[in-house]
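The numbering of the sequence shown is our numbering, which starts it at 24 and goes up by one.
The beta carbon of each residue, even a glycine, is placed where N, CA and C say it ideally should be.
Quick notes on the structure that follows.
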Amino acid sequence: MLTALLALSLAAEPKAGRCQGTIVPPAGYLNEMAFVANSTPNARDEASSHAKDRLLDRLCQGDCQDLRPELQVWDVRVDGEVTCAMAVVEEAAYRRWKSQAEGLFDLDGAHDQVVTELFAGVGKPDAGKLSVSVIIDKVFDEDSNGGPRSLWLSAAMAGALSRAGVNQLDPPGTWAGDGVPRPADAVLRGQLVGVTNGAKPVLDLTWSVRFTEKLRQTNRTSRVVHIPEGKAPKRRGAGGGAFTTADQDSLFIRLDTAAGGVLCNGQQTQLTVHSDTERCVRVFDVYGDVASVLFPSAEHGSCTVLKGESLPLGGSLGFGVVLDPSTEVERFVAVGAPSVEAFPKELKKLNTACRMSRQKLESILKRARGLLVREESVRVLREGPACAGAPKISPAEMDQVQASLKSLPECK
């Protein structure tokens with residue numbers, strides 16, 4: 024509603040004689056005015072910018088540029104020889120910024136606001152509860168899904184959904200990440216990016232929601248939640264960097280995990296690939312500096328994934344997770360083409376398990392044209408309450424995995 028009012032206000036022609044005393048700020052907003060002479064070049068823009076500067080100076084002596092994106096121009100008018108502008112900021116946004124600046128960050132309160140924002144007008148409230156069922160999928164933490172921070176954030180989101188009365192469902196074990204699986208009404212995904220705000224390291228979190236078609240709702244993304252990095256759990260090591268993938272909705276790959284992308288060493292999981300059209304697909308397991316062909320395989324001799332098919336690559340038993348201490352993240356890269364002939368020559372004959380370097384795979388995909396590339400990744404947890412029931416991996420089992428990887432022939 025505010026956006027529409029702002030658009031109408033800015034689109035209207037300025038009217039003389041209405042500058043002083045008649046610009047009324049919206050309820051629940053802090054405001055500040057600024058005035059410039061009409062002869063000033065770009066007078067409307069200058070007045071708007073000055074109003075924002077004055078508001079920041081009043082609230083925090085200008086030392087809060089990270090609050091500036093929350094500021095909006097409420098009105099711009101002309102009165103005789105003067106152009107005036109009013110800048111506003113929501114009181115709640117200012118309080119959030121102030122709490123974070125003072126180290127009083129409220130993770131639960133921030134997620135309550137995100138849930139209210141994302142699910143406004145969705146479902147029919149019943150005794151104060153939202154009558155929708157939601158899956159918390161993964162939280163992408165800078166370069167991969169999962170890990171301690173993803174676990175922390177997915178737990179916060181689960182708490183906010185619970186307080187809102189939202190029914191929460193576990194992701195299906197053989198879901199490839201396409202659409203919204205039944206019987207859920209929506210799927211939530213988070214993304215965490217580290218930034219530097221002056222001298223303060225901050226984590227910027229956004230949540231996006233995808234609704235099932237029956238709700239007739241537009242998919243939404245939350246406003247950014249700024250989290251002081253010192254308030255979040257520590258993340259172990261770098262994950263090796265994500266592959267560049269296209270943002271498209273016809274090829275999907277997903278590793279079965281708990282909410283947030285949480286997966287523990289020793290657990291069983293499943294990797295599922297889905298295609299909206301029939302195509303030839305290659306799937307690589309990128310483990311450290313090695314990329315090995317996972318699909319096609321001895322069990323799945325053909326590279327073809329049929330239209331609408333969701334194919335579990337681990338068969339009926341799935342896969343066991345065994346990650347050695349030197350590796351933080353395991354990645355799976357699906358590469359799709361209309362037919363095997365559409366692959367570059369280096370990928371055409373890869374019909375059985377073999378290995379190449381990660382760098383070689385990256386180089387092939389960078390040079391190739393017309394391919395769909397999707398990645399699934401997970402930062403594997405090795406300890407903590409979330410992994411209490413996971414089997415322990417012995418050094419001998421880790422050695423066996425490394426030996427099996429080294430025994431694979433080079434891809435030719």
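- prompt: In whole angstroms, what is the alpha-carbon distance linking Leu192 and Val248?
  reply: Residue 192 sits at position 169 when you count from the first residue of the sequence shown. Residue 248 sits at position 225 when you count from the first residue of the sequence shown. One C-alpha to the other measures close to 24 Å.
task: Provide the residue span of the beta strand (DSSP E) that contains Ile276, from first to last.
output: Residue numbering aside, residue 276 sits at position 253 when the sequence shown is read from its first letter. Segment Leu274 to Leu278, the beta strand (DSSP E) holding Ile276.
Endpoints, beta strand (DSSP E) assigned at Ser349: The count along the sequence shown starts at 1 and reaches residue 349 at position 326. Element bounds for Ser349: n/a, residue is neither H nor E.
task: Determine the closest residue to Cys434 out of Phe355, Thr375 and Glu406, with distance taken between C-alpha atoms.
output: Looking up residue 434 in the sequence shown gives position 411. The option with the nearest alpha carbon to Cys434 is Thr375.
- prompt: How is Pro319 classed by DSSP in three states: helix, strand or coil?
  reply: Walking along the sequence shown from the start, residue 319 turns up at place 296. In the structure shown, Pro319 sits in coil (DSSP, three-state: anything other than H, G, I, E or B).
task: Assign Asn168 to one of two classes, buried (16 or more other C-beta atoms within 10 Å of its C-beta) or exposed (fewer than that).
output: Within the sequence shown, numbered from 1, the residue matching residue 168 stands at position 145. Note on Asn168: 16 or more other CB atoms within 10 angstroms of its CB, so buried under the neighbour-count rule.
message: Strictly by DSSP, which residues pair up with Trp230?
response: The residue given as residue 230 occupies position 207 in the sequence shown. DSSP lists Gly213 as partners of Trp230.
query: Three-state secondary structure (DSSP) at Gln95?
result: One-based indexing of the sequence shown puts residue 95 at position 72. In the structure shown, Gln95 falls within a strand segment according to DSSP collapsed to helix, strand and coil.
message: Distance check for Glu353 and Val424, CA to CA, integer angstroms please.
response: Counted from its first residue, the sequence shown places residue 424 at position 401. Counted from its first residue, the sequence shown places residue 353 at position 330. Using only the alpha carbons, I get a separation of about 13 Å.
field: Residue environment, Glu351, which counts as buried when at least 16 other CB atoms sit within 10 Å
entry: Residue mapping note: residue 351 aligns to position 328 of the sequence shown, counting from 1. By the neighbour-count rule (16 or more Cβ atoms within 10 Å), Glu351 is buried.
field: DSSP beta-bridge partners of Ala357
entry: On the sequence shown, position 334 is the one that residue 357 refers to. DSSP output for Ala357 lists Val306 and Arg397 as bridge partner(s).
message: Tell me the DSSP secondary structure of Val155 in three-state form.
response: Stepping through the sequence shown from its first residue, residue 155 is reached at position 132. Correct three-state label for Val155: coil.
message: On the DSSP bridge list, what partners appear for Thr106?
response: Taking the first residue of the sequence shown as position 1, residue 106 is located at position 83. Within the DSSP bridge table, the entry for Thr106 names Val59 and Val101 as partners.
query: Leu130: which of Ala281, Ala365, Ser380 and Leu226 sits nearest, CA to CA?
result: Residue 130 sits at position 107 when you count from the first residue of the sequence shown. Of Ala281, Ala365, Ser380 and Leu226, the residue nearest in Cα terms is Leu226.
message: Tell me which residues share the same chain as Ala409 and place their Cβ nearer than 8 Å to its Cβ, disregarding the 5 neighbours each side in the sequence.
response: Taking the first residue of the sequence shown as position 1, residue 409 is located at position 386. So the list reads Leu174, Ala281, Val285 and Cys287, once near-sequence residues are dropped.
message: Rounded to whole angstroms, what is the Cα-Cα separation between Lys257 and Pro171?
response: Sequence index remark: in the sequence shown, residue 257 carries index 234 (1-based). Sequence index remark: in the sequence shown, residue 171 carries index 148 (1-based). Each residue's Cα considered, the two are about 7 Å apart.
task: With distances taken Cα to Cα, identify the nearest neighbour of Ala15 among Arg390, Phe128 and Gln291.
output: The chain is shown from 24 up to 435; residue 15 falls before or after that span and cannot be answered.
task: Classify Leu431 as helix, strand or coil using the three-state DSSP reduction.
output: The residue you call residue 431 lines up with position 408 of the sequence shown. Leu431: coil per DSSP, three-state reduction.
Presumed contact (8 Å Cβ cut-off) between Val358 and Lys371, rounded CB distance: Walking along the sequence shown from the start, residue 358 turns up at place 335. Walking along the sequence shown from the start, residue 371 turns up at place 348. Their Cβ separation, rounded to whole angstroms, is 12 Å, which puts Val358 and Lys371 out of contact at 8 Å.
- prompt: When the Cα of Gly132 is compared with those of Ser72, Arg118 and Thr244, which residue comes out closest?
  reply: Translated into positions along the sequence shown, residue 132 becomes position 109. Comparing Cα positions, the closest option is Arg118.
query: Starting from Leu78 and walking both ways along the alpha helix (DSSP H), at which residues does that stretch end?
result: Reading the sequence shown from its first residue, position 55 is the one you call residue 78. Where Leu78 is concerned, the enclosing alpha helix (DSSP H) stretches over Ala66 to Cys83.
- prompt: For Asp373, which option in Ser325, Pro194, Thr229 and Gln95 has the closest C-alpha, if you only look at C-alpha atoms?
  reply: Indexing the sequence shown from 1 puts residue 373 at position 350. Here residue 373 is Leu; the residue named in the question, Asp, does not match the sequence. Considering only Ser325, Pro194, Thr229 and Gln95, the residue with the shortest C-alpha distance to Leu373 is Ser325.
- request: Look up Thr327 in the DSSP assignment and say whether it is helix, strand or coil.
  value: In the sequence shown, residue 327 corresponds to position 304, counting from 1. In this structure, Thr327 counts as strand in the three-state DSSP scheme.
message: Tell me the rounded alpha-carbon separation between Gly311 and Trp97.
response: Residue mapping note: residue 311 aligns to position 288 of the sequence shown, counting from 1. Residue mapping note: residue 97 aligns to position 74 of the sequence shown, counting from 1. Approximately 52 Å, taken between the alpha carbons.
Pair within 8 Å by beta-carbon distance, Leu294 and Gly337: Translated into the one-based positions of the sequence shown, residue 294 becomes position 271. Translated into the one-based positions of the sequence shown, residue 337 becomes position 314. Yes, these two residues count as a Cβ contact at 8 Å.
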